[in-house]
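Numbering (the working numbering), first residue to last: 19 to 344.
What follows is a single structure, written as structure tokens, with notes after it.
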């Protein structure tokens, strides 16, 4: 009996991805498991890096607050170990009570709070009005004015300090003597000399300008059709939409006002008018106590931290939306 040869079927096609998946049913779950493990490993490494980076910034603050609870001998004893960052050993609040005995801390703190609050409040109004005029109004030469304002950012304050002292010493001053008002000359040794020179700020104007230009101008046109003037548009339309920019400018205005040291040292002589930063020099006049210095520094740092934590979300949102780095 003759045998029948089957027809030639030709070369077999290469297996597709589905064929490979069908022939190896456990390959896809294994690959997915590998990718998930890789993502988990990358997330863990990222989180670990963030924690280590955070410790770099939190470490000095932790050392400050912990050292404020220790006497000088304990501070120097723990400097070479991790105990410097831990509240262990001889811990007490003696350094904080000694600060109030050595320095008129309440008066200095009240001065700083008042000077910083007035500087922030008036600075917000003045800088936002200037930015509104540059961002929303049409007038000839505003680009030149904006360029000149931005150019002042490169001038350090130290180069202007001495001319500014001469200038404020020539300004007329209205002093209250009992129930009488007396017109004198010179703003030295006053509260206003610590506030007025720092109300207008080029960076605050630029930041407001950047944020105002991101708000649609159609809102202005709609408001003007309803009969609103420019100041009403500024107050009722633009400013309510600029919460992140306001928070950012408030923080950036508060920080230099609170940390100001050189300018008050130059223009203020009376102890009852000095801000809290000047008070730290009291600790270096006689015997230096580092525990008391740490306690003093802790108390003047806490308001700054509280303000930043309260507005950090708006601060980061404003920086991200305006595209301003640093």
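Cβ atoms here follow ideal geometry from the backbone N, Cα and C, with glycine treated the same way.
Everything numeric in this text was worked out from a predicted model, so none of it was measured.
Restricted to the segment 159-198, the beta strand (DSSP E) segments that are unbroken, complete and at least 3 residues in length are 190-195, listed in chain order. Bridge pairing for residue 201: 192 [DSSP].
By a beta-carbon distance limit of 8 Å, residue 191 contacts residue 202. Their separation comes to about 5 Å. In this structure, the beta-carbon distance from residue 95 to residue 309 does not fall below 7 Å. When Cβ pairs closer than 8 Å are counted between the two stretches, the segment 139-150 is seen to touch the segment 214-230, the count reaching three or more.
The closest CA to that of residue 126, considering only 331, 65 and 289, is found on 289. A straight-line Cα-Cα distance of about 11 Å links residue 157 and residue 163. Around the beta carbon of residue 74, fewer than 16 other beta carbons sit within 10 angstroms, so the residue counts as exposed.
A residue is called buried once 16 or more other Cβ atoms fall within 10 Å of its Cβ, and residue 279, having fewer, is exposed. Per DSSP, reduced to three states, the secondary structure at residue 258 is helical. With a cut-off of 8 Å on Cβ pairs, the segment 251-270 is not in contact with the segment 76-92, counting fewer than three such pairs. Taking a cut-off of 8 Å for Cβ pairs, the segment 299-306 and the segment 64-71 do not touch, as fewer than three such pairs fall below it.
The Cβ neighbour count for residue 100, taken over all protein chains shown within 10 Å, is under 16; the residue is labelled exposed. In this structure, the straight-line span from the alpha carbon of residue 169 to that of residue 298 is close to 34 Å. Where residue 127 is concerned, the enclosing alpha helix (DSSP H) starts and stops at 123-153. Under the three-state reduction of DSSP output, residue 113 falls in the helix class. With a 10 Å radius around the Cβ and a threshold of 16 neighbouring Cβ atoms, residue 148 comes out buried. Contact annotation: residue 293 and residue 133 have beta-carbon atoms nearer than 7 Å. Taking the Cα of residue 241 as reference, the smallest distance to any Cα among 253, 321 and 178 is reached at 253.
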